[in-house]
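Numbering of the sequence shown is given in our numbering, commencing with residue 3 and proceeding in unit increments. A virtual CB, placed ideally from N, CA and C, is assigned to each residue, including glycine. Being a predicted model, the structure only gives us computed values, none of them experimental.
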Amino acid sequence: MAKLIYFTQMSLDGYIANEPGTYEWAKPDEEGFAFITELERSVGVYIFGRRMYETMAVWETPEVIPGCTPAMLEFA
Numbered sequence: 003m004a005k006l007i008y009f010t011q012m013s014l015d016g017y018i019a020n021e022p023g024t025y026e027w028a029k030p031d032e033e034g035f036a037f038i039t040e041l042e043r044s045v046g047v048y049i050f051g052r053r054m055y056e057t058m059a060v061w062e063t064p065e066v067i068p069g070c071t072p073a074m075l076e077f078a
């Protein structure tokens, strides 16, 4: 039988963003990207809502991200 690990991030109002609707406050540094990459290495599938999918879609083509670092490429 497969193992299911569920992870969610949510604020009390159900939406993680600042007032303008961006995630600028949550940008990880190199160490943060390395930690997240290792944490999520075993993930087999992601289930996103529309807005989160649109946010994460940039990682499908990380080479177009200005200033993309090796840790960011590994995360992608």
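Handout entry: Inter-residue Cα distance where the pair is A19 and E76
Key = One C-alpha to the other measures close to 25 Å.
Exercise for the section: Report the three-state DSSP secondary structure of L75 (helix, strand or coil). Expected result: For L75, the secondary structure class from DSSP, reduced to helix, strand or coil, is helix.
Exercise for the section: Apply the 10 Å Cβ neighbour rule to F1 and answer buried if 16 or more other Cβ atoms are within range, or exposed otherwise. Expected result: The question about residue 1 has no answer here: the residues shown for the chain are numbered 3 through 78.
Exercise for the section: Have a look at F35 and P64 and give me their C-alpha separation to the nearest angstrom. Expected result: A straight line joining the alpha-carbon of F35 with that of P64 spans about 13 Å.
Handout entry: Integer Cβ distance of E32 from A73, believed to fall under 8 Å
Key = At roughly 5 Å, the Cβ-Cβ gap stays under 8 Å, so E32 and A73 are in contact.
Exercise for the section: Ignore the nearest five residues each way along the sequence and tell me which others in A78's own chain have a CB closer than 7 Å to its CB. Expected result: For A78, where only same-chain residues beyond five positions count, the Cβ hits under 7 Å are W61, P64.
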